[in-house]
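Those sequence lines, one after another, are chains A and B.
Residue 1 is where the first sequence starts when you use our numbering, and the numbers rise one by one after that.
Residue 1001 is where the second sequence starts when you use our numbering, and the numbers rise one by one after that.
There are 2 protein chains.
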Amino acid sequence: MKQFPKAKERILSTASRLFYEQGFQATGINQIIEEAGIAKASLYQHFKSKDDLLLEYLTISDSKWFEHLKAFLPAKADGRAAILGLFDYRKKIALAGDSKGCAFIRVAYELPLLTHDALKIIQSHKSKLKNFIRSNIRILDNHAPKDAEELTELILNLYEGCGIQSTLLRSVEPIIGAKKIAKKLLN
Amino acid sequence: MKQFPKAKERILSTASRLFYEQGFQATGINQIIEEAGIAKASLYQHFKSKDDLLLEYLTISDSKWFEHLKAFLPAKADGRAAILGLFDYRKKIALAGDSKGCAFIRVAYELPLLTHDALKIIQSHKSKLKNFIRSNIRILDNHAPKDAEELTELILNLYEGCGIQSTLLRSVEPIIGAKKIAKKLLN
DNA sequence: GTCTATATATTGATAGAC
DNA sequence: GTCTATCAATATATAGAC
């Protein structure tokens, strides 16, 4: 029988939590092993380096984010409802006590000299987000493809912009306001 | 006769450059003094701590940002031209070789447990930016105040959103696209 | 696989001479 | 005000016993 939770999983979940709450650089290996309750050598048994831990953190955060979005949205939400649900999703996360904004933006802005691998994961995540918006715009849009693409960019920027405002102001108001605007844009 | 540049100024400009290029935590006191060409004790003669250096960096960046914007915009630009100029300003900065995105967002996202003072400077900066947009919207807007405020938020989110996209993708295309959209919104 | 103990480098900050 | 020398703490990472 396998232990639950296994050491590797405990390390990864602890590191993920700390990376998000404090930032990557502000989180030391020592704090991770202490809070995970394992020895330092055990961490390096499972992860090559701290950077390796970051890659796994980003990979898992990416898949979890979309899983949770899917679980959050009403089963048959598509088109307009799906896009508006995206703002509700952001609002829900922002309201969850200790939100620090988008985890991927956090890492990208903290580490301007990011490794190629880490940046690729982040860009891939945001690309999938844009695809999500685009495909739902196309469902409802009866305009030319060019207009649909422009609306996609507008909604995406509105979404990212309100996330920034919300994080800097420590308030959900920018998200609420952005959703109202999105509602009109999608009429 | 005073030296030029004085030690304090050399420290601050070196620290500012490194904070922006590498991030705050990734920049050590040792690197700052080495590149500034002064002794460590001299740094602590002028600045109480590294956090103190951060506060001065943010304060100066704030005022310089608006100075440079003013200098960048055509003398009589107001209303529509001023807002579109804002996107050109962002584009110009993004094209300047080593751009790492908005300095204030960088700090806020890197340091989620920011001191009250630092966060206040950042929020103040973004508040001034919103005021800039709002006042220029009001010049051209003949709608109700409520609509003007909504348009202000939309433009602000569009501006911040394209900054994020541009930084993550290492491309100016999101800024160019956002300006096109802004142009239509302001018609 | 997990542990203790250690290695080496670097961190932010200070004491005290000049 | 500027310097050299040094501080204690912490960083990431590894060696080797069990």
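A virtual CB, placed ideally from N, CA and C, is assigned to each residue, including glycine.
Could you work out which residues of chain B lie near residue i, taking near to mean beta carbons separated by less than 8 Å?
i: Q165 of chain A; result: K1126, L1156, N1157 and E1160
i: Q189 of chain A; result: Coverage of chain A is limited to positions 1 through 187, which leaves residue 189 of chain A absent and any answer about it impossible.
Since residue i meets chain A, which of its residues come closer than 8 Å, beta carbon to beta carbon?
i: Q1045 of chain B; result: Chain A residues near Q1045 of chain B: none, gap ~27 Å exceeds 8 Å.
i: L1114 of chain B; result: The contacting residues do not exist; L1114 of chain B stays about 10 Å from chain A at best.
i: L1111 of chain B; result: G23 and A26
i: K1008 of chain B; result: None at all; the shortest Cβ gap to chain A is about 26 Å.
i: E1056 of chain B; result: Under the 8 Å cutoff, chain A gives no residues; its nearest Cβ is about 20 Å from E1056 of chain B.
i: A1178 of chain B; result: E153 and N157
Going along chain A, which residues have a C-beta under 7 Å from residue i?
i: Y1089 of chain B; result: Result: empty, since nearest Cβ-Cβ is about 17 Å, beyond 7 Å.
Starting from the C-beta of residue i, find all residues in its chain whose C-beta is less than 6 Å away, skip the five residues before and the five after it, and write them out in chain order.
i: I137 of chain A; result: A148, L151 and T152
i: G79 of chain A; result: N136, I139 and L140
i: L185 of chain A; result: none
i: G23 of chain A; result: E110
i: L1069 of chain B; result: Y1089
i: F1072 of chain B; result: Y1089
i: P145 of chain A; result: none
i: S63 of chain A; result: none
i: L76 of chain A; result: In the sequence on display, residue 76 of chain A carries Lys and not Leu. The answer is none, since no qualifying residue turns up.
Are the beta-carbon atoms belonging to residue i and residue j less than 8 Å from one another?
i: S1061 of chain B; j: S1127 of chain B; result: no
i: F66 of chain A; j: K179 of chain A; result: no
i: L1058 of chain B; j: I1133 of chain B; result: no
i: G1163 of chain B; j: G1101 of chain B; result: yes
i: A36 of chain A; j: R10 of chain A; result: yes
i: L54 of chain A; j: A118 of chain A; result: yes
i: Y20 of chain A; j: A96 of chain A; result: no
i: L158 of chain A; j: K130 of chain A; result: no
i: L1012 of chain B; j: Q1031 of chain B; result: no
i: I181 of chain A; j: L1154 of chain B; result: yes
i: Q1123 of chain B; j: L169 of chain A; result: yes
Ordered along the chain, which non-local residues of its own chain (more than five positions away) have a Cβ less than 8 Å from that of residue i?
i: N187 of chain A; result: none
i: P1074 of chain B; result: A1081 and G1085
Leaving aside the five residues before and after residue i along the sequence, list all residues of the same chain whose C-beta is less than 7 Å from its C-beta, in chain order.
i: S42 of chain A; result: A7
i: Q1025 of chain B; result: E1110
i: L1114 of chain B; result: A1108
i: M1001 of chain B; result: In this predicted model, M1001 of chain B has a pLDDT of only 46, less than 50, meaning its place in the structure is not dependable; the value taken from the coordinates is given anyway. Answer for M1001 of chain B: no residue qualifies.
i: D1189 of chain B; result: The question about residue 1189 of chain B has no answer here: the residues shown for chain B are numbered 1001 through 1187.
i: I1033 of chain B; result: A1039, K1040 and L1043
i: I1175 of chain B; result: F1087, R1090, K1091, A1094, C1162 and S1166
i: P5 of chain A; result: none
i: I1029 of chain B; result: K1040, L1043 and K1050
i: D98 of chain A; result: E21
What does residue i touch in chain A if you count any residue whose Cβ is under 9 Å from its own?
i: E1067 of chain B; result: Neighbours of E1067 of chain B on chain A: none; closest Cβ ~22 Å, over 9 Å.
i: L1095 of chain B; result: Within 9 Å Cβ-Cβ: nothing; L1095 of chain B doesn't reach chain A, min ~16 Å.
i: E1035 of chain B; result: Those do not exist, as E1035 of chain B stays about 16 Å from chain A at its closest Cβ, beyond 9 Å.
i: I1105 of chain B; result: I105, Y109, I164, T167 and L168
Along chain B, which residues have their Cβ under 7 Å away from the Cβ of residue i?
i: K100 of chain A; result: P1112
i: I181 of chain A; result: E1150, E1153 and L1154
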